[in-house]
Structure formats: structure tokens, C-alpha cells
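In my numbering, the protein residues as written are 115 to 405.
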């Protein structure tokens with residue numbers, strides 16, 4: 115039972131600028147401690163060596179590929195460790211006392227999903243190995259006026275049981291965190307976590323569905339009975355170039371269970387399979403094609 119939500123909402127609104135400042139400061143200090151992962155994009159500069167300078171994505175093998183050198187494994191390393199490894203390889207085989215600079219151009223390996231009563235629900239990439247609920251609220255622009263006083267965190271279980279996606283449920287008291295009664299770092303937010311901020315309305319269910327990714331107008335749409343995945347895609351303006359229509363996904367929260375439904379919209383459009391009905395709160399994701 116929420117008894118003091120208006121106070122909570124005013125506190126979030128008043129703290130908005132502070133949350134942004136906290137997050138920015140944390141990210142600035144976390145870059146050196148960040149462990150590189152698959153999908154991250156590095157900007158590497160070898161001073162005076164144009165052929166060895168450029169932008170390099172980390173491959174599914176955890177490697178970057180440079181001319182002359184070939185593949186170098188950097189997955190799991192920090193920026194400092196990656197720089198030192200590149201420098202050592204260059205110094206050993208190619209250059210005398212090379213100057214190597216490495217920075218992260220795009221963070222793409224550590225993803226979280228935020229749903230529910232927040233300003234900008236969606237997938238976000240972390241700029242550090244772990245974060246906290248205050249920084250998450252900053253990323254999503256804060257909560258809406260309908261947000262409940264608790265957030266629900268779903269974390270993939272180390273040994274998932276049969277059924278569902280094998281996630282463990284945690285409750286975070288936003289009132290306690292924002293009032294200072296609870297340390298926001300007591301429950302770190304980790305890569306692959308799903309955070310849901312439910313509605314405080316009496317029916318406890320938000321009558322919206324969400325879509326993001328490679329569609330023209332991603333966002334929240336009012337749910338109506340009978341709505342389907344392909345219909346929502348059309349409401350969102352259709353697909354952008356390079357949309358992976360055959361790899362769409364529906365994320366559904368049902369109590370303590372998180373379900374991920376793989377959807378092939380190409381087959382739906384051809385009439386080869388039936389369209390998939392949505393339920394309130396569903397999140398449709400249309401990823402980018404690999405090619």
C-alpha cells in the first residue's frame with residue numbers, strides 16, 4: 115500500500131539534476147575500471163602509425179584485429195590492460211617504444227532493460243561493470259507520476275530452473291533509496307538485469323505496450339484488446355533500414371516470471387505463421403540486422 119507517493123515523486127523531480135550529475139561523475143571515474151566485452155567499440159591510436167590507428171569493434175571471440183598484428187584478445191581486460199598489451203605486442207615485433215592510446219568509443223557489451231513507469235523505458239548499455247538504481251533513474255529520465263514506490267529487479271539465475279527464463283526477483287524500495295535510508299549500492303544493477311517500475315494504480319497494471327529498436331517511432335502505445343506484434347510495428351511507423359524482422363522479440367513480465375518470445379515478423383507478413391497477441395506491459399524489440 116503506497117501512502118506517501120506524492121512526496122516520493124516530488125523528491126525524484128527535485129533530485130533530477132543531482133541524479134544526472136551523480137551518474138556523469140560515476141561514469142567518468144568508471145571508464146578505467148570497466149572490463150571490455152563483446153560488441154564494445156574501441157578507438158585505438160598508435161602515434162605516428164596511421165595504418166594501426168582507427169576504430170575497432172570487439173569480435174564475438176573477444177578480439178580486435180589490427181593490420182600487421184592480426185587478432186589480439188582484449189575481452190575481459192580494462193582499458194589500461196588492453197593498452198599495455200597492445201603496446202607490448204607492437205614493441206616486441208614491430209615498433210621501438212610505441213605510444214598507444216585506447217579509449218571506448220561505444221559501450222555495447224553490458225545491457226540492461228528498464229520497463230514500466232519511467233520516462234524513457236528501453237534497453238541501455240552500462241558504462242561500468244555495475245551500476246545502482248539512482249544511476250538507472252538518471253538514464254531513463256526519472257519516473258512518471260504513476261510510478262509505485264518499489265522497483266522490481268529480475269536477475270538471471272546462475273542455475274535456472276525449468277520454465278520461464280530462470281530469473282530471481284528482488285524488490286528495491288525507491289522511497290528508502292531516495293530518502294537516504296537505504297544505500298543505493300546495496301543491490302548493484304548488473305548486466306542483463308531487467309528493472310520494472312510498476313504502476314501504483316489500483317489495477318497494478320499499466321495498459322500500455324512498448325516498442326523499440328529499428329522502427330520509425332519507438333515508444334509507448336495504448337493497449338487495446340486484440341493488439342498484435344505486427345500491428346504494433348505498423349503503429350510505430352514500420353521498419354527502419356536494416357531491421358532484423360526475423361529476430362524480433364517480446365519481453366513479458368508475469369508476476370515473478372520473465373518470458374522472452376522470439377518472433378519472426380517476416381513469416382507473419384507472408385502468412386506462414388500467425389501473428390502474436392500482446393498483453394498490457396509487453397515490450398517488443400526489433401533489433402538491427404547483422405548484415
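Glycine included, each C-beta is placed from N, C-alpha and C at the ideal position.
Residue j beta carbon less than 8 Å from that of residue i
i	j	result
residue 216	residue 193	yes
residue 344	residue 389	yes
residue 226	residue 307	yes
residue 183	residue 177	no
residue 285	residue 264	yes
residue 228	residue 257	no
residue 243	residue 148	yes
residue 394	residue 322	yes
residue 158	residue 250	no
residue 222	residue 155	yes
Reference residue i, options the options, closest by Cα
i	options	result
residue 271	229, 305, 398 and 186	305
residue 145	260, 347, 182 and 220	220
residue 359	376, 371 and 208	376
residue 367	266, 303, 203 and 255	266
residue 383	321, 347 and 292	347
residue 169	218, 230, 354 and 253	218
residue 259	253, 252, 287 and 314	314
Beta-carbon proximity list for residue i, same chain, < 6 Å, skipping 5 on both sides
i	result
residue 400	327, 328, 329, 357 and 362
residue 214	160, 197, 200 and 201
residue 324	235, 334 and 397
residue 403	356 and 358
residue 331	350 and 351
Contacts around residue i, its chain only, beta-carbon distance under 8 Å, and the 5 residues preceding and following it disregarded
i	result
residue 189	150, 151, 152, 172, 175, 176 and 177
residue 276	Here the model assigns residue 276 a pLDDT of 43, short of 50, so the residue's position is not dependable, and the following value carries that caveat. So no residue of the chain qualifies.
residue 209	160 and 163
residue 205	211 and 212
residue 181	165 and 166
residue 302	244, 245 and 246
Beta strand (DSSP E) segment containing residue i, residue limits
i	result
residue 196	Unbroken run through residue 196 is the alpha helix (DSSP H), 193-207; no beta strand (DSSP E).
residue 382	Residue 382 -> not in any beta strand (DSSP E); alpha helix (DSSP H) instead, spanning 379-384.
residue 180	177-180
residue 348	Careful: residue 348 lies outside any beta strand (DSSP E), inside the alpha helix (DSSP H) at 343-349.
First through last residue of the alpha helix (DSSP H) which encompasses residue i
i	result
residue 292	288-293
residue 363	It is not in any alpha helix (DSSP H) - residue 363 instead sits in the beta strand (DSSP E) that spans 362-368.
Close-in-space but distant-in-sequence residues of the same chain around residue i (CB under 7 Å, 5 per side omitted)
i	result
residue 135	Only weak support is given to the placement of residue 135: the predicted model assigns it a pLDDT of 48, under 50, and the value that follows is read from those uncertain coordinates. Counting only Cβ-Cβ distances below 7 Å, and skipping sequence neighbours, we find nothing.
residue 318	Because residue 318 sits at a pLDDT of 40, beneath the cut-off of 50, its placement in the model cannot be relied upon, and the following sentence gives the value as read from the coordinates. Cβ neighbours of residue 318 beyond the five flanking positions: 312.
TODO: Would you check if the region 232-239 and the region 159-172 touch, i.e. whether three or more CB-CB distances between them fall below 8 Å?
DONE: no
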